[in-house]
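S.K.:
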Amino acid sequence: GGPATGAFPRHMLRDHPDIALLLVESSLTLASTPSADAYRAVANHYGVPLVRYSLAVRDSRLAWSPKCLREAFGFRNCGPHPPVRTHQLLSSVLLASFLRVLQELPPHSSHAPSAPAELASGVGVDSRVWLPTPLSNQLQQFGVCIPRTFFGSGGRTIGVKVPLGNWSYFEERRGKPGWNTDGPAGAVIEFPLEFGPTPMALLSFMRGYDANLGEIQVRMVRVTSPAGHSMKPERVDSIATKHWEQNFFQVDGLRSDGARVTQAATVRIQAGRTLMQNYAYTNQDTNGRAGVAGQWPKAYSGVLGFGLPPNSNATLQITLLCPRSSTCRFKIINVASC
0 GGPATGAFPR HMLRDHPDIA LLLVESSLTL ASTPSADAYR AVANHYGVPL
50 VRYSLAVRDS RLAWSPKCLR EAFGFRNCGP HPPVRTHQLL SSVLLASFLR
100 VLQELPPHSS HAPSAPAELA SGVGVDSRVW LPTPLSNQLQ QFGVCIPRTF
150 FGSGGRTIGV KVPLGNWSYF EERRGKPGWN TDGPAGAVIE FPLEFGPTPM
200 ALLSFMRGYD ANLGEIQVRM VRVTSPAGHS MKPERVDSIA TKHWEQNFFQ
250 VDGLRSDGAR VTQAATVRIQ AGRTLMQNYA YTNQDTNGRA GVAGQWPKAY
300 SGVLGFGLPP NSNATLQITL LCPRSSTCRF KIINVASC
């Protein structure tokens, strides 16, 4: 949608004004869609050039995928992700558009950005002030923080503990490391995390279609705060009364959509909130009763909160579950907190 589409161009224009931007919108038809409309709105708002793939090729449906030419046309015939040939065509369109822009530039052009003269001189004006206001303020509700703890490829692997069972860090496939286990059920792995003023964590794992993929249960244990700091949650939701001593959630490594695709999946843990919305456990509208299961479908990604206090430390405890067989496997790619 518009807020997400506009976030990256705004970031680049604000923090990297010396880098040229070219937006590419690759919808397969000329029809109005939320995505296509968002690209046009963002390009017009910030004055960034836009290339529309459907305008640059003779038959955008054929150029996307031959399946799009079926008599009963529908987006489901074309597939959400195009084949290699279409990627090559997209690259060619992008290159041709870029070269055309270079050809149209006057020789020895000294074109300056449409910013105040003081900005062009580099004196007296912050490079951020001349940007127009964002198209939407929806993204302001999501905090962005620098990771205080990161476990995974390119980060730490030392400090992770395996108090029970078998979890090992290795490359299951070349260039794709992670913490892997093939059971038995009950195997536990723990990641010590450090949090800031608004506790948040990310957990990335492998999700695929093999029947031997299991689930994991995720808890926060051994929660501490610096001396003199309160142990009160960062945010108490009015409809929730539980926190890390009771809250937990589960994620399934097996896809529920039937697609034969294996890819990374990530859950966002709003650790400072007390609310928990998960298919295995929820404390929403329970009036203080013990958490219940079954209120949310597995595909629903709700608030995953543990009621952690600001600037606290905690251990993310992950336990392997094998609900479909006696043994199963699971892969954790990385864990981060801020």
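In this text, residue positions in the sequence shown follow the numbering used here: the first is 0, and each later residue adds one.
The beta carbon of each residue, even a glycine, is placed where N, CA and C say it ideally should be.
Taking only runs that begin and end inside the stretch 190–251, name each unbroken beta strand (DSSP E) of 3 or more residues, in chain order.
M.R.: DSSP runs (the beta strand (DSSP E)) wholly in the stretch 190–251: 200–206, 214–223, 248–251.
S.K.: Starting from Phe97 and walking both ways along the alpha helix (DSSP H), at which residues does that stretch end?
M.R.: As a working note, residue 97 is residue 98 in the sequence shown. 83–103 is the extent of the alpha helix (DSSP H) around Phe97.
S.K.: Would you please state the rounded distance, in angstroms, between the beta carbons of Leu315 and Ala184? I believe it to be under 8 Å.
M.R.: Here the question's residue 315 lines up with position 316 in the sequence shown. Here the question's residue 184 lines up with position 185 in the sequence shown. About 19 Å; that fails the 8 Å criterion.
S.K.: Taking the straight line between their C-alpha atoms, what separation do you get for Gly195 and Ile145?
M.R.: Stepping through the sequence shown from its first residue, residue 195 is reached at position 196. Stepping through the sequence shown from its first residue, residue 145 is reached at position 146. If I take the Cα positions, the gap works out to 9 Å.
S.K.: How is Leu45 classed by DSSP in three states: helix, strand or coil?
M.R.: Residue 45 sits at position 46 when you count from the first residue of the sequence shown. At residue 45 the sequence reads Tyr, which differs from the Leu that was named. If DSSP states are grouped into helix, strand and coil, Tyr45 belongs with the helices.
S.K.: Are Val222 and Phe247 close, meaning C-beta to C-beta below 8 Å?
M.R.: Within the sequence shown, numbered from 1, the residue matching residue 222 stands at position 223. Within the sequence shown, numbered from 1, the residue matching residue 247 stands at position 248. Contact flag unset, no.
S.K.: Can you tell me the Cα-Cα spacing of His242 and Arg267, whole angstroms?
M.R.: Position 243 of the sequence shown, counted from the start, is the residue given in the question as residue 242. Position 268 of the sequence shown, counted from the start, is the residue given in the question as residue 267. One C-alpha to the other measures close to 17 Å.
S.K.: Would you call the stretch 198–206 and the stretch 249–259 in contact, with 3 or more CB pairs under 8 Å?
M.R.: In short, these stretches touch, since the Cβ pair count reaches three.
S.K.: Could you spell out the range, first to last residue, of the alpha helix (DSSP H) harbouring Ala55?
M.R.: The count along the sequence shown starts at 1 and reaches residue 55 at position 56. Per DSSP, Ala55 belongs to the alpha helix (DSSP H) from 52–55.
S.K.: Is Arg147 helix, strand or coil by DSSP?
M.R.: The residue given as residue 147 occupies position 148 in the sequence shown. DSSP places Arg147 in coil when its eight states are reduced to three.
S.K.: Nearest CA to the CA of Arg147: which residue from Tyr280, Asn312, Thr318?
M.R.: Here residue 147 corresponds to residue number 148 of the sequence shown, with the count starting at 1. Ranking Tyr280, Asn312, Thr318 by Cα distance to Arg147 puts Asn312 first.
S.K.: What are the partner residues of Gly177, as DSSP defines its beta bridges?
M.R.: Position 178 of the sequence shown, counting from 1, holds the residue named residue 177. The partner list for Gly177 (beta bridge, DSSP) reads Phe169.
S.K.: Going by DSSP in three states, Leu319 sits in which element: helix, strand or coil?
M.R.: Sequence index remark: in the sequence shown, residue 319 carries index 320 (1-based). Reduced to three states, the DSSP call for Leu319 is strand.
S.K.: Would Met275 be called buried (16 or more neighbouring beta carbons within 10 Å of its own) or exposed?
M.R.: Position 276 of the sequence shown, counting from 1, holds the residue named residue 275. By the 10 Å Cβ count, Met275 comes out buried.
S.K.: Buried or exposed: where does Gln269 fall if 16 or more other Cβ atoms within 10 Å of its Cβ makes it buried?
M.R.: Along the sequence shown, read from residue 1 onward, the residue named residue 269 stands at position 270. By the 10 Å Cβ count, Gln269 comes out buried.
S.K.: Need the endpoints of the beta strand (DSSP E) that Ile268 sits in, please.
M.R.: Numbered from 1 along the sequence shown, position 269 holds the residue referred to as residue 268. Segment 262–268, the beta strand (DSSP E) holding Ile268.
S.K.: Taking C-beta to C-beta, are Leu94 and Arg13 nearer than 8 Å?
M.R.: By 1-based counting over the sequence shown, the position of residue 94 is 95. By 1-based counting over the sequence shown, the position of residue 13 is 14. No.
S.K.: What span of residues does the beta strand (DSSP E) with Pro346 cover, start to end?
M.R.: Nothing in the structure corresponds to residue 346, since the chain is present only between 0 and 337.
S.K.: Verify whether the separation of the beta carbon atoms of Arg9 and Pro176 is less than 8 Å.
M.R.: Stepping through the sequence shown from its first residue, residue 9 is reached at position 10. Stepping through the sequence shown from its first residue, residue 176 is reached at position 177. No. Outside cutoff.
S.K.: Name, in chain order, the residues that DSSP records as bridge partners for Asn333.
M.R.: Here the question's residue 333 lines up with position 334 in the sequence shown. Per DSSP, Ser203.
S.K.: For the candidate residues Ser224, Glu171, Gln262, Arg328, whose alpha-carbon lies nearest to that of Gly213?
M.R.: Residue mapping note: residue 213 aligns to position 214 of the sequence shown, counting from 1. Here the closest residue by C-alpha is Arg328.
S.K.: Can you name, in chain order, every residue of its own chain whose Cβ lies under 7 Å from the Cβ of Gly151, other than the five neighbours on each side?
M.R.: Here the question's residue 151 lines up with position 152 in the sequence shown. Counting only Cβ-Cβ distances below 7 Å, and skipping sequence neighbours, we find Ile332, Asn333, Val334.
S.K.: Run through DSSP, which three-state label would Pro8 get?
M.R.: As a position in the sequence shown, residue 8 is number 9, starting the count at 1. Correct three-state label for Pro8: helix.
S.K.: Please report the Cβ distance between Pro308 and Ser224, rounded to the nearest whole angstrom; I am assuming they are in contact, meaning their Cβ atoms lie under 8 Å.
M.R.: Taking the sequence shown and counting its residues from 1, one reaches residue 308 at position 309. Taking the sequence shown and counting its residues from 1, one reaches residue 224 at position 225. About 5 Å separates the two Cβ atoms, so the contact holds.
S.K.: Just reading off the beta strand (DSSP E) that Leu22 is part of, what are its end residues?
M.R.: Start at 1 with the first residue of the sequence shown, and residue 22 comes out as number 23. That run of the beta strand (DSSP E) goes 22–24.
S.K.: Thinking C-beta only, is Val41 closer than 8 Å to Leu20?
M.R.: Position 21 of the sequence shown holds residue 20. Position 42 of the sequence shown holds residue 41. Their beta carbons are not under 8 Å apart, which means Leu20 does not touch Val41 by this criterion.
S.K.: State yes or no: is the C-beta of Thr273 within less than 8 Å of the C-beta of Gly304?
M.R.: For this step, residue 273 is matched to residue 274 along the sequence shown. For this step, residue 304 is matched to residue 305 along the sequence shown. Going by C-beta atoms, Thr273 is nearer than 8 Å to Gly304.
S.K.: Between Leu22, Thr180, Val187, which lies nearest to Gly5 when the distance is taken from Cα to Cα?
M.R.: The residue labelled residue 5 in the question sits at position 6 within the sequence shown. If we check each option's Cα against that of Gly5, Leu22 comes out closest.
S.K.: With Pro162 as the anchor, note down where its beta strand (DSSP E) starts and where it stops.
M.R.: Within the sequence shown, numbered from 1, the residue matching residue 162 stands at position 163. Start and end: 160–163.
S.K.: What does Arg254 pair with, by DSSP beta-bridge criteria?
M.R.: The sequence position of residue 254 within the sequence shown is 255, counting from 1. Bridge partners of Arg254: none, in fact.
S.K.: Rounded C-beta distance between Ser26 and Thr32? I'm assuming under 8 Å.
M.R.: As a working mapping, residue 26 is identified with position 27 in the sequence shown. As a working mapping, residue 32 is identified with position 33 in the sequence shown. Confirmed, about 6 Å.
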